[in-house]
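Numbering (the numbering used here), first residue to last: 1439 to 2037. Beta carbons are placed, not taken as given, at the ideal position from N, Cα and C, and that holds for glycine. This one's a predicted model, so the numbers in the text were calculated from it and none came from an experiment. Beneath this line is the structure, given in structure tokens, with notes to follow.
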Amino acid sequence: MNLDHIRNFSIIAHIDHGKSTLADRLLQTTGTVTAREMKEQLLDSMDLEREKGVTIKASAVRMIHVQDGQEYEINLIDTPGHVDFTYEVRRALQACEGAVLVVDASQGIQAQTMAHLFAALELNLTIVPVINKIDLPAAMPDDVAEEIESLLGVAAEDIPRISAKSGLNIEEVLAQVVRQVPPPVGDVNAPLQALVFDCQYDAYKGVIAYVRVVNGTLEGTPRLLAMTTETQLEPLEVGVLTPALLKTSGLHAGEVGYIATGLKNIQDLAVGDTITLAANPATERLPGYQPMQPMVFAGLYPSSADDYPNLRDALEKLRLNDAALVYEAETSQALGFGFRLGFLGLFHMEIVQERLEREYDLDIIFTAPSVAYRVRKTDGTEFVIDSPADLPDPTQIAHVEEPWCELHIFTPADYMGPIMDLVIKRRGEVKSQTWLDSKRLELVFNVPLAEIIVDFYNELKARTKGYASMDYTLDGYRVSDMVKLDVLVNGLPVDALSVIIHRDDAFPKGQRLVSKMKEIIPRQMFPVPIQAAVGTKIISRANVQAMRKDVLAKCYGGDISRKRKLLEKQKAGKKRMKMVGSVEIPQEAFMSVLRLEEE
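Set out below in structure tokens:
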């Protein structure tokens, strides 16, 4: 198709503002899917996405739209809205020339609206604003239109007002995309350059690469070259996404499609790679993507040691589909062989955990999440640690620096007090506050990253009845008085339960953790002491009482010394049992560190 008749665009918005529903209506309006094939959240193919009501993976689809007697090929890439999946949004945007910015008519501009908007503007994309949910009783389309006008400079009366749920005014969105989004720029006759913006693994077709062809033409299935890994491949088929895989004769500059590479080795192709013809290769690679820096780290172990190879294979396949996931092998005294994983946030960690359990049928244990700290030793050396087990002895530490972030919260003015209280309790500092209108304001704070990764988002939603939204970016490191809180069970430290924490919080958290562990660890035949310690100092202790057999049941009558003798014999037996006995710690104990904040 002529390049002038191709449009590539993404839909970006804050979480729950109607991206996936709008994508459904666009597919219906253009006739890409029939009424019989149609179902809600059609592009959200994973069960997890449907259950949680959020888009996790960016997904692409080709639509054919006729306007003013001309036929246009429109490639849509639906993107996630949650703060933890910003990397998916950025990857999708690099394959596009424009973005439809969806804003909820009842909520207005929110934190993630701004974050995704700035990402699109950085890439010089054309922004097409749309106001959705105008049929809600609380809708304020005129007020929201003025808000968008002051932000983007687009005339309020020119912004389409739609209801993606009912299908109202969807044609106008397509018309605006055709009019405003520029056609792709590319040279059909140049050597092939195709950017890999996503991958997935198929048992029959190997690695399937989703590509945006920037230059050149791919006809048939010639031998190809992945330029970063220098892997040569013989593709099984080439095609487009409708959204099902539809085999075609080829792909041309400006188009979005897929290449079934036939590769069985997952390391041979990476997201951000450039695919070219092996016979006539391009001279240079496309820019690709900036690697994502993980913010949250956790240990991952199989419940059974025999599952370790299966877990390693599952992580390799998941890494292909989730470019922000990083991992390396590690061992734990308590849990054996496992991996240290890096995530972009706690929701990202939760999704990875559920995908491993569902898609790969694994029984796994996650340790408490941590962030990356910079440690300066007394000998002047500096290094970064992301596991509490790596923190050196306190006598060797000059200082520890923890990551801080800039936190933006958009909220109705009524909830300003509860938000301030929440942030300040977590060692946050107020940076600025800006009134967006008479009822809403933007609050900016500096907060330690460790204080917001676990349950801050849930707490914020609870205190503001769901009206506040947040977005955060890393803002450097600061020196803090951080210590390692160890948990000892039966006198032995359990490395998987250790956490790095601010000294002021160590005592209350140690007490709560010990109390929680006392409830979880089952009673043994001998008493089990549970202790929380900072260095060599025990700061809290609780005992799991021993199960006791009534050894006096058959001892009746006679002198008291007979009873004492039996009790002393039992006491000596328990003492010997405690010396050789090992306490099995249930899986739930490793997640108890997470749940402490929720209570």
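- Delimiting residues of the alpha helix (DSSP H) encompassing Gly1948: Arg1941 to Ile1958
- Item | Cβ-based neighbour list, Leu1758, same chain, cut-off 6 angstroms, excluding 5 preceding and 5 following | Cys1637, Tyr1639 and Ile1704
- Query: Using a Cβ-Cβ cut-off of 8 angstroms (strictly less than) and excluding sequence neighbours within five positions of His1443, which residues of its own chain qualify?
  - Reply: Gln1508, Glu1509, Tyr1510, Glu1511 and Pro1621
- Task: Measure the C-alpha to C-alpha separation of Arg1812 and Gly1700 and round it to an integer number of angstroms.
- Result: 43 angstroms
- Query: Between which two residues does the alpha helix (DSSP H) containing Ile1857 stretch?
  - Reply: Met1854 to Lys1863
- How long is the line joining the alpha carbons of Asn1653 and Leu1465, rounded to whole angstroms? 27 angstroms
- DSSP on Gln1532, reduced to helix/strand/coil? coil
- Query: For Ala1827, does the three-state DSSP call read helix, strand or coil?
  - Reply: helix
- Item | Between the CA atoms of Phe1447 and Asp1596 - distance to the nearest angstrom | 19 angstroms
- Task: Pick helix, strand or coil for Thr1902, following the three-state DSSP scheme.
- Result: Thr1902 falls in the coil class under three-state DSSP.
- Item | Sub-8 angstroms separation of Val1822 and Ala1836 beta-carbons | no
- Classify Val2018 as buried or exposed, calling it buried when 16 or more other Cβ atoms lie within 10 Å of its own Cβ. Note on Val2018: pLDDT 44, under 50, position unreliable in the model; no value is reported.
- Task: Starting from Ile1890, follow the alpha helix (DSSP H) in both directions and report where the run begins and ends.
- Result: Leu1887 to Ile1890
- Determine the contact status of Gln1670 and Ala1632, defining contact as a CB-CB distance below 8 angstroms. no
- Item | Ile1600 to Thr1470 span [Cα, whole Å] | 20 angstroms
- Item | Residue interval of the beta strand (DSSP E) (run including Gln1670) | Thr1669 to Leu1671
- Message: Here's the rule I'm using: 16 or more other beta-carbon atoms within 10 Å means buried, otherwise exposed. How should Lys2007 be labelled?
- Response: Lys2007 should be labelled exposed.
- Query: Closest Cβ-Cβ distance between Val1917 and chain E: below 8 angstroms?
  - Reply: Absent here is chain E; the protein component of the structure consists of one chain.
- Leaving out the 5 sequence neighbours to the left and right, which residues in its chain are closer than 7 angstroms to Lys1702 when beta-carbon positions are compared? Gly1644, listed in sequence order.
- Query: Within this structure, are the beta carbons of Thr1968 and Ile1976 separated by less than 8 angstroms?
  - Reply: In the sequence on display, residue 1968 carries Ile and not Thr. Going by C-beta atoms, Ile1968 is not nearer than 8 angstroms to Ile1976.
- Query: Going by the CB atoms, is the gap between Trp1842 and Gly1904 shorter than 8 angstroms?
  - Reply: no
- Does the Cβ-Cβ distance between Thr1551 and Lys1457 come in under 8 angstroms? When the beta-carbon positions are compared, Thr1551 and Lys1457 stay at least 8 angstroms from each other.
- Buried or exposed (CB count within 10 angstroms, at least 16 for buried), Gly1776: buried
- Query: At which residues does the alpha helix (DSSP H) containing Ile1608 begin and terminate?
  - Reply: Ile1608 to Gln1618
- Item | 8 angstroms CB neighbourhood of Arg1661 in its chain, flanking five on each side removed | Gln1670, Leu1671, Glu1672, Leu1715, Ala1716 and Ala1717
- Item | Continuous beta strand (DSSP E) stretch holding Pro1850: start and end | Residues Ile1835 to Pro1850.
- Item | Cut-off 8 angstroms between Cβ atoms - residues of its own chain near Ser1604, not counting five sequence neighbours on either side | Asp1573
- Proximity of Ala1720 and Val1626 at Cβ, strictly below 8 angstroms: no
- Bridge partner(s) assigned by DSSP for Val1626: Partner(s): none; Val1626 has no beta bridge.
- Query: For Gly1624, which residues of its own chain have a beta-carbon under 6 angstroms away from its beta-carbon, when the five flanking residues on both sides are left out?
  - Reply: Val1652, Asn1653, Ala1691 and Gly1692
- Message: I need the boundaries of the alpha helix (DSSP H) containing Thr1459, first residue and last residue.
- Response: Lys1457 to Thr1467
- Task: Leaving aside the five residues before and after Glu1587 along the sequence, list all residues of the same chain whose C-beta is less than 7 angstroms from its C-beta, in chain order.
- Result: The residues are Ala1593 and Ala1594.
- Message: Which same chain residues end up closer than 6 angstroms to Gly1658 when comparing Cβ atoms and leaving out the 5 residues on each side of it in sequence?
- Response: none
- Option in Tyr1648, Val1649, Asp1924 and Val1615 with minimal Cα separation from Asp1828: Asp1924
- Are Ala1743 and Gly1774 touching if we call contact CB-CB under 8 angstroms? yes
- Please name the residue or residues paired with Glu1587 in a DSSP beta bridge. Partner(s): none; Glu1587 has no beta bridge.
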